[in-house]
Amino acid sequence: MTVDVFDKLKILTDAAKYDVACTSSGVNKRAAAGGIGSAAACGICHSFAADGRCISLLKVLMTNVCAYDCQYCVNRRSNDTPRASFTPRELAELMINFYRRNYIEGLFLSSGVLKNPDYTTERMIEALRILREEYRFSGYIHAKAIPGTDSVLIARLGLLADRMSVNIELPSQNSLRLLAPDKSKHSILMPMGYIQNRIQENSKDLVKYRSVPKFAPAGQSTQMIIGATPDTDWQILNLTESLYKKYKLKRVFFSAYTPVAENSLLPALNTKPPLLREHRLYQADWLLRYYGFAANELLDQNQQSFNPYIDPKCNWALRHMEFFPVDVNRASYNSLLRVPGIGVLSAKRILTARRTTSLTFDGLKKLGVVLKRAQYFITCSGKRADRVKNTSTAFLQSLLSDKTRDLYRQNFLLGEQSEQLSLFEPLADQQNQHMQEELRQCITGRI
Amino acid sequence: MHNRPDLIYCYDGSFEGLLCCVFESYDQQEIPLDIFSPASLQTTLLPVKEIQTEPQKAKRVFDSIPKKIGLAALDFIQRAFLTCHAQKELYILLFLRKGYRHGPSVMDMLTDEVVNTLVTAVKHLDKESHLLKGFIRFSVVNNTLVAQIEPKNYVLPFLIQHFRERYPEERFLIYDATHGMGLIYQPYKAMIIPIEELQLPEVDEEEQTFRELWQLFYNTIEIKGRHNPRCRMSQMPKRYWKNMTEFGEGQTLVQKRTKAANELPGFSGRLLTEKEG
Chain A
1 MTVDVFDKLK
11 ILTDAAKYDV
21 ACTSSGVNKR
31 AAAGGIGSAA
41 ACGICHSFAA
51 DGRCISLLKV
61 LMTNVCAYDC
71 QYCVNRRSND
81 TPRASFTPRE
91 LAELMINFYR
101 RNYIEGLFLS
111 SGVLKNPDYT
121 TERMIEALRI
131 LREEYRFSGY
141 IHAKAIPGTD
151 SVLIARLGLL
161 ADRMSVNIEL
171 PSQNSLRLLA
181 PDKSKHSILM
191 PMGYIQNRIQ
201 ENSKDLVKYR
211 SVPKFAPAGQ
221 STQMIIGATP
231 DTDWQILNLT
241 ESLYKKYKLK
251 RVFFSAYTPV
261 AENSLLPALN
271 TKPPLLREHR
281 LYQADWLLRY
291 YGFAANELLD
301 QNQQSFNPYI
311 DPKCNWALRH
321 MEFFPVDVNR
331 ASYNSLLRVP
341 GIGVLSAKRI
351 LTARRTTSLT
361 FDGLKKLGVV
371 LKRAQYFITC
381 SGKRADRVKN
391 TSTAFLQSLL
401 SDKTRDLYRQ
411 NFLLGEQSEQ
421 LSLFEPLADQ
431 QNQHMQEELR
441 QCITGRI
Chain B
1 MHNRPDLIYC
11 YDGSFEGLLC
21 CVFESYDQQE
31 IPLDIFSPAS
41 LQTTLLPVKE
51 IQTEPQKAKR
61 VFDSIPKKIG
71 LAALDFIQRA
81 FLTCHAQKEL
91 YILLFLRKGY
101 RHGPSVMDML
111 TDEVVNTLVT
121 AVKHLDKESH
131 LLKGFIRFSV
141 VNNTLVAQIE
151 PKNYVLPFLI
161 QHFRERYPEE
171 RFLIYDATHG
181 MGLIYQPYKA
191 MIIPIEELQL
201 PEVDEEEQTF
211 RELWQLFYNT
221 IEIKGRHNPR
231 CRMSQMPKRY
241 WKNMTEFGEG
251 QTLVQKRTKA
261 ANELPGFSGR
271 LLTEKEG
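For the protein sequence lines, the chains are A and B, in the order given. Once you know that position 299 of the first sequence is 299 in our numbering, the rest is easy, because the numbers rise by one and skip nothing. Once you know that position 12 of the second sequence is 12 in our numbering, the rest is easy, because the numbers rise by one and skip nothing.
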């Protein structure tokens, strides 16, 4: 390893860090005799960066030289930034040495477009081939399909990788045309569809012949940039839902846009990344995947953005008070999942625990239910919680997280004037007024 | 059956020994106030009853568990025994007594205080062994992988399978400094042995290079605009940091130097990036 590798690693990590997918989940594997490397379906985080994001994979670019000029990207052709490229062998050697020391769970390999998509993909294939064949590495590899690559090459990449992804980046055709002139909806969705077909065919073949090599056994994922374009949460969530349904994606990732370029089409350089919005989208994504919600239940034509103060599930609950209260001793798993304060784990524990006993509020606490929230939405064998503060203030307080409560106070300067967190102040902002209206209806009407 | 608020059991610290305490509790129809092991022994004014470990008694209890309470319960108390809960022995005894009364459904009684206490302790153990699968850092010394950990729970048995599937052809050692035990593997067998102390030799140049490369990667992958040390801390508690390469000596040096330099007027965070490059 020469000093040169330090420079390359720095440049190519720096260029890859905005890609969010760093999971190593979805497949169980163990090293073949004479080889190295395993994978666990639950995924393993090896470290956490100072921004709190999990580090599971060595996430680097093959090269940050790029023929494309996507405006939102640090690696765009017109950006004046140092460029570097790993040779396939350098990269494989670095990766395997990190892997041996248990720094990482595998490799996340993406690339700028060097010359053209096919040439770039061939270099990625070579790096993966060295790892798989020469080092006999059976650990996790996530490879990025470059839009515009020939399907023969995608097929070869898919046989070497565990997970593949094609980044949608911008959630609408219109935004793509403006900001990524070299890409089109078609060039992104085509490889995605191709990969999905191959995975499906492959799973059929596997039933017939056990020795068929596996094609991207951990499935495929994608990523969208949030906040670089005017697309609304509703549009993004609908797109997400259809990606899960149509392309059978394992994950859709969201990346709050961190300004990297001065451009009249993009947010100004001093704009903070919209982290809260990204957070709300992930919460909603979870609701789609594990809680049985549909995108149109969470947002609709009239409410296209998530409420900044309360999470999507509470928001849904407030708009559907007719659904509550839910009785924890009788309700189905799916109904329990809709209660704010009850998650997947606690819902399962409720099902287990109520086999032997009738649950009380005290018992629920032991099961990990967040009673502060849930108490307004549940009964235990017909009984409501004792000593629930049935005031609208207490109710709202319980739905806000610590963070959003501060935010709420800051924005409306309420906390200091009255010890009550009032919902009924006249507000200028229309959307907030709308939300307040809703809250008031729910509270006075129901609780 | 009566509770004995004035009696303390003392056993030899082995799982068999604990099963003998269960035997004694049934034999004498009594429930002790607490159960001490040599590790937890403290001076007490209460009478202490020494429980001898007798393999036959232990076996009778052991065999009865799958029959009366189920295999899941046996696995569960074996895990519970490896946790760091201060009164795990007493709770295991209470759990088994409940189990003999209610049968396998005791595993469903999640809101029961005894069951809940053990479930929580086992969850802690499972969480810690899962985290360590990622947080363990090996150094390559004489072509052997060596790592040190300081877990609260006794996690080594839960790491064997993971690491032998990961590195079937390597030789490795994971030293648990908290419990003075080591997991040793060479193709293709693993064992856990007591180790008093582990002195690592100086690392060679190659090892040093990869450590620095990893630190460079670790520092570069952060998106500075999203800096969130609290989130990192909750995902990766600080007690793990001291055995992790990314927070190793070289790292703290870089940070210290940068901090000192940044305090000088005219420098504002520039030095760190230059240093790394």
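The beta-carbon is built from N, C-alpha and C at its ideal position, and this holds for glycine as well. Computed from a predicted structure; not experimentally measured.
Using a Cβ-Cβ distance cut-off of 8 Å, the stretch 219-235 of chain A and the stretch 189-202 of chain A are in contact, since at least three pairs of beta carbons, one from each stretch, lie closer than that value. Within the stretch 30-62 of chain B, no residue has a Cβ lying closer than 9 Å to any Cβ of chain A. The count of Cβ pairs closer than 8 Å, one atom from the stretch 293-313 of chain A and one from the stretch 347-360 of chain A, stays below three, leaving the stretches out of contact. Close CB contacts of residue 160(B) within its chain, under the 7 Å cut and outside five residues either way in sequence, are with 183 and 190 (chain order). In chain order, 59, 60, 61 and 110 place their CB closer than 7 Å to the CB of residue 16(A), counting only its own chain and leaving out the 5 sequence neighbours on each side. Comparing alpha-carbon positions, the option among 124(B), 73(B) and 231(B) lying closest to residue 99(B) turns out to be 73(B).
DSSP places residue 142(A) in the uninterrupted beta strand (DSSP E) bounded by 140-144. With a 10 Å radius around the Cβ and a threshold of 16 neighbouring Cβ atoms, residue 88(A) comes out buried. Taking residue 124(A) as the centre and dropping the five residues before and after it, the same chain places the C-beta of 62, 109, 111, 143 and 157 closer than 7 Å to its C-beta, in chain order. For residue 92(B), the uninterrupted alpha helix (DSSP H) segment begins and ends at 88-102. Sorting 91(B), 95(B) and 47(B) by C-alpha distance to the C-alpha of residue 68(B) places 95(B) at the top.
Residue burial annotation: residue 44(B) is exposed, with fewer than 16 other C-beta atoms found within 10 angstroms of its C-beta. When Cβ-Cβ separations below 7 Å define contact, residue 108(B) makes contact with chain A.
Any Cβ of chain B closer than 7 Å to the Cβ of residue 86(A) would place that residue at the interface, and such an atom is absent. For residue 102(A), the closest Cβ of chain B is nearer than 7 Å. If you check the CB distance, residue 12(A) and residue 84(A) come in under 7 Å. Here the stretch 165-179 of chain B does not lie against the stretch 202-221 of chain B, with fewer than 3 beta-carbon pairs under 8 Å apart. Among the residues facing chain B, residue 49(A) is included, as its CB has a counterpart in that chain under 7 Å away. Each residue's CA atom was taken as its position, placing residue 207(B) and residue 141(A) some 24 Å apart.
The secondary-structure analysis by DSSP pairs residue 223(A) across a beta bridge with 253(A). In the structure shown, residue 38(B) adopts coil according to DSSP, grouped into three states. When the five nearest sequence neighbours on each side are left out, the beta carbons in the same chain lying within less than 6 Å of the beta carbon of residue 43(A) are those of 23, 24 and 25, in order along the chain. By the criterion of at least three beta-carbon pairs nearer than 8 Å, the stretch 365-376 of chain A is in contact with the stretch 330-342 of chain A. Remark: three or more beta-carbon pairs, one from each stretch, lie closer than 8 Å, so the stretch 54-61 of chain B and the stretch 18-26 of chain B are flagged as touching. The residues 66, 67, 68, 120 and 146, in chain order, have a CB closer than 7 Å to that of residue 113(A) in the same chain once the five nearest residues on each side in sequence are set aside. Our two residues, residue 31(B) and residue 37(B), have alpha carbons roughly 16 Å apart in a direct line. Looking from the CA of residue 251(A), the closest CA among 259(A), 257(A), 316(A) and 240(A) belongs to 240(A).
Ranked by Cα distance from residue 355(A), the options 329(A), 122(A), 235(A) and 171(A) are led by 329(A). For residue 103(A), same chain residues with a beta-carbon under 7 Å away, outside a window of 5 residues either side, are 46 in chain order.
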